[in-house]
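A.B. asks: Numbering (my numbering), first residue to last: 4 to 432. Ideal Cβ positions, reconstructed from N, Cα and C, are used throughout, including at glycine.
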């Protein structure tokens, strides 16, 4: 995203938004790890992207060079089920995408893995990959695996197990509210499903050297975080361990790509009957304060999935960075800049599906016919409509243990996964 103009008070028909600097750093941890190669700590870039910290204005093209991923081609975009997140290149790069697309087109088994780290309430940025995965499931019959890494969040956050557990239960309600097909969806919670996750992770850990982990993540402060890449690799390989070799696609924000890289390294060693998982890499939903990643744990505001209409309106009116001009007269004469306008970017990411309608909004804003306040109101309306529908489904859920039952791994699926990983249940041998 282009650098925003200098802080000012843009022309706004409904409010005068303070454009003072906001902290857009997100999820900065004491245990922050590097996602670059062995020389990662020597980077001179003005931004940092790791699984635990995103700071500065991200250069997405430079990240592709750094991570060694490929930009999506027009042909690949056309072969995916139609979705604005792909049409507009929010998901813009990948790894081994063609094998997944070939299997989907041929009606052969194929899987999607996209999860959640339950460190707090879910917000808009968290839910978008899940709705994309649902679209894939509806269009091509993909099996969807959704791991929740409560163990990793306990290790990386200054929170108790009880706190992480409460976030996990609430996050599960949001995941279930998306509306996945239980026949083709499996939800795995690391500590609740440790009987299958832990033995496989141990099996994979034997093929992960300290040098590999440190080269990708940097030095870790605890042995728990040193071990966690093996757990993450288990998540990504689980569909194949349960159902046999098949192309697997992992739609994630690009800061999570290191997990995929490590897993692909393990799979390439051919120690298990699996293929390397592919990846679909996405840009960050921007913070309301401007460039950066929307976070539920940083200082920048975020719109949680349980937010009511007044909360959404207050967040956008008060905090949303706009591309408007300093005065109404200047805005009418010079027009606004939708490229840096956060309310417009939210419409572009997900909340205006019609491409022609989106372009009309952008044209009116550039021409000065549409004011920043009017654009904010449009974004508020679309976001609150989306949240209202999501919340109706969420509120209709019963006890989480009952709702989750049909999405959990069956005993037979657990047995197959362990056997394919070469770690059958010892007490049943």
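What whole-angstrom Cβ distance do residue 199 and residue 151 have, given they're in contact under 8 Å?
C.D. replies: That pair is no contact at about 14 Å.
A.B. asks: Residue 288 by DSSP, collapsed to three states: which one?
C.D. replies: coil
A.B. asks: Rounded to whole angstroms, how far is the Cβ of residue 315 from the Cβ of residue 386, which I believe are closer than 8 Å?
C.D. replies: That pair is a contact at about 6 Å.
A.B. asks: Is the CB-CB distance between residue 92 and residue 351 below 8 Å?
C.D. replies: no
A.B. asks: Could you have a look at residue 254 and say whether DSSP puts it in helix, strand or coil?
C.D. replies: strand
A.B. asks: Residue 189 and residue 148 look like a contact to me (Cβ under 8 Å); what is the Cβ gap, rounded to whole Å?
C.D. replies: 5 Å
A.B. asks: Work out the CA separation of residue 402 and residue 35 for me, nearest whole Å.
C.D. replies: Bear in mind that a pLDDT of 31 at residue 35, under 50, signals an unreliable position, so the number given afterwards is only what the model happens to contain. Each residue's Cα considered, the two are about 36 Å apart.
A.B. asks: Quick check on DSSP: helix, strand or coil for residue 95?
C.D. replies: strand
A.B. asks: Runs of 4 residues minimum, wholly inside the segment 120 to 185: which ones carry the alpha helix (DSSP H) assignment?
C.D. replies: Those alpha helix (DSSP H) runs which fall completely within the segment 120 to 185 and span 4+ residues are 127 to 143, 153 to 159 and 164 to 180.
A.B. asks: For my contact list, residue 254 and residue 293 are in at a C-beta cut-off of 8 Å; report their separation, rounded to the angstrom.
C.D. replies: Their Cβ separation, rounded to whole angstroms, is 25 Å, which puts residue 254 and residue 293 out of contact at 8 Å.
A.B. asks: Go through its chain and collect everything with a Cβ distance to residue 79's Cβ below 8 Å, but skip five positions before and after it.
C.D. replies: Once the five neighbours on either side are set aside, the close Cβ partners of residue 79 are 97, 100, 101 and 104.
A.B. asks: If we call anything under 8 Å between Cβ atoms a contact, is residue 87 one with residue 353?
C.D. replies: yes
A.B. asks: Is there contact here, the segment 154 to 162 with the segment 371 to 381, by at least three beta-carbon pairs under 8 Å?
C.D. replies: no
A.B. asks: How many Å lie between residue 429 and residue 197 at the Cα?
C.D. replies: 15 Å
A.B. asks: What does residue 283 pair with, by DSSP beta-bridge criteria?
C.D. replies: DSSP lists 97 and 254 as partners of residue 283.
A.B. asks: Hey, would you say residue 277 sits closer than 8 Å to residue 270, going by beta carbons?
C.D. replies: It is a contact, given that the beta carbons lie within the stated cut-off.
A.B. asks: Drop a sphere of 10 angstroms on the beta-carbon of residue 423, count the other beta-carbons inside from all chains shown, and report buried for 16 or more, exposed for fewer.
C.D. replies: By the 16-neighbour rule on beta-carbons within 10 angstroms, residue 423 is buried.
A.B. asks: Apart from the five residues on each side of it in sequence, which residues of its chain come closer than 8 Å, Cβ to Cβ, to residue 400?
C.D. replies: 176, 179, 180 and 406
A.B. asks: To test your reading of the DSSP string, which unbroken alpha helix (DSSP H) runs of 4 or more residues are found completely within the segment 222 to 247?
C.D. replies: The segment 222 to 247 contains these whole alpha helix (DSSP H) runs: 226 to 246.
A.B. asks: Alpha carbon to alpha carbon, how far is residue 106 from residue 251?
C.D. replies: 10 Å
A.B. asks: Around the Cβ of residue 219, are there at least 16 other Cβ atoms within 10 angstroms (buried) or fewer (exposed)?
C.D. replies: buried
A.B. asks: Give the C-beta separation of residue 128 and residue 288 to the nearest angstrom, bearing in mind that I take them to be a contact with Cβ-Cβ under 8 Å.
C.D. replies: 4 Å
A.B. asks: Among the residues of its own chain, which have a CB less than 8 Å from the CB of residue 165, if the five just before and after it don't count?
C.D. replies: none
A.B. asks: Would you mind stating whether residue 249 and residue 113 have Cβ atoms separated by less than 8 Å?
C.D. replies: yes
A.B. asks: Can you tell me where the alpha helix (DSSP H) holding residue 417 begins and where it ends?
C.D. replies: Residues 414 to 423.
A.B. asks: Give me the Cα-Cα distance between residue 52 and residue 279, rounded to the nearest whole angstrom.
C.D. replies: 23 Å
A.B. asks: I need the boundaries of the alpha helix (DSSP H) containing residue 188, first residue and last residue.
C.D. replies: That residue, residue 188, is in no alpha helix (DSSP H); its beta strand (DSSP E) goes 188 to 192.
A.B. asks: Which stretch, first to last residue, makes up the alpha helix (DSSP H) that contains residue 343?
C.D. replies: Residue 343 -> no alpha helix (DSSP H), and no H or E assigned at all.
A.B. asks: Would you mind stating whether residue 75 and residue 95 have Cβ atoms separated by less than 8 Å?
C.D. replies: Yes; because the gap between Cβ atoms is below 8 Å, this pair is in contact.
A.B. asks: Between residue 324 and residue 275, what straight-line distance do the alpha-carbon atoms span, to the nearest angstrom?
C.D. replies: 49 Å
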